[in-house]
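So in the UniProt record's numbering, spot 156 of the sequence shown is number 156, and the numbers just go up one at a time. Where is the CB? At the ideal position from N, CA and C, for every residue including glycine. Only one structure is covered here, and it is reproduced in the block below.
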Amino acid sequence: MSDSLVGKELLIHCYKHDGKPHRTWDKCVVLEETKRHFIVINDHTLVTESNGRKWMTREPAICYFPKDRWYNVICMIRKTGVYYYVNIASPTLYDGEALKYIDYDLDLKVYPDYRYKVLDEGEYAAHRKLYGYSDDLDRIFHQQLDILIEEARNMTGAFRPDFALKWYEAYRNGVHKNDEI
């Protein structure tokens with residue numbers, strides 16, 4: 001495919017429900033793009049928050065961005081194992097400028113031993129009221145969260161034990177140079 005994004009460096013833009021920028025990553029490398037998802041890597045990447053604060057990611061992260069599901073998964077590769085940070089978010093799109101999605105506040109943290117914790121429920125409740133998330137959206141978000149918890153418990157999807165490490169190894173071996181795994 002001549003217009004493949006594999007191997008390209010892209011920006012990542014995260015927004016809030018009102019369309020305002022929330023956070024940006026200045027670089028990721030696309031490892032795979034299919035009709036259903038993007039898989040990218042970032043490592044020691046500059047992140048800019050909406051308030052102007054800047055920080056660098058500390059470790060390589062394989063990021064799974066579905067195009068048709070209401071979440072994304074960041075698999076942080078650390079010496080102590082793979083930690084997963086899941087954002088309940090809109091499906092991700094690429095508009096020619098950046099990968100883009102809307103963050104909907106609810107998050108799930110999954111530890112290397114697959115214990116998990118739902119995060120930011122208070123922020124979600126406040127933003128649901130502030131931004132007027134509909135009952136339909138609320139139902140979608142909570143159903144998606146339930147599915148993700150089940151996937152983490154069963155070590156399936158992006159929570160498969162080999163998922164992040166396989167993609168990290170592929171990146172290190174040059175798969176991002178327009179090959180496929």
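Is residue i helix, strand or coil by DSSP?
i     : result
Leu-5 : coil
Could you give the distance in angstroms between the alpha-carbon of residue i and the alpha-carbon of residue j?
i       : j       : result
Val-29  : Tyr-84  : 19 Å
Lys-16  : Tyr-104 : 7 Å
Tyr-168 : Asp-162 : 10 Å
Asn-87  : Tyr-64  : 11 Å
Tyr-101 : Phe-141 : 14 Å
Tyr-94  : Leu-145 : 24 Å
Arg-173 : Asn-42  : A small fix is needed here, since residue 173 is Asn in this sequence, not Arg. Rounded to the nearest angstrom, the two C-alpha atoms are 15 Å apart.
Asp-159 : Ala-125 : Per the sequence shown, the amino acid found at residue 159 is Phe instead of Asp. One C-alpha to the other measures close to 27 Å.
Ala-164 : Ala-170 : 10 Å
Val-82  : His-127 : 30 Å
Just tell me which of the options has its CA closest to the CA of residue i.
i      : options                          : result
Glu-59 : Gln-144, Cys-75, Ser-50, Asp-105 : Cys-75
Ile-39 : Gly-81, Arg-53, Thr-92, Lys-54   : Thr-92
His-37 : Asn-72, Tyr-111, Asp-43, His-44  : Asn-72
My parser needs the beta strand (DSSP E) runs of 3 or more residues fully inside the UniProt domain "DUF402" (18 to 154); what are they? 21 to 33, 37 to 42, 46 to 49, 54 to 56, 61 to 66, 71 to 78, 81 to 89, 98 to 110, 116 to 119
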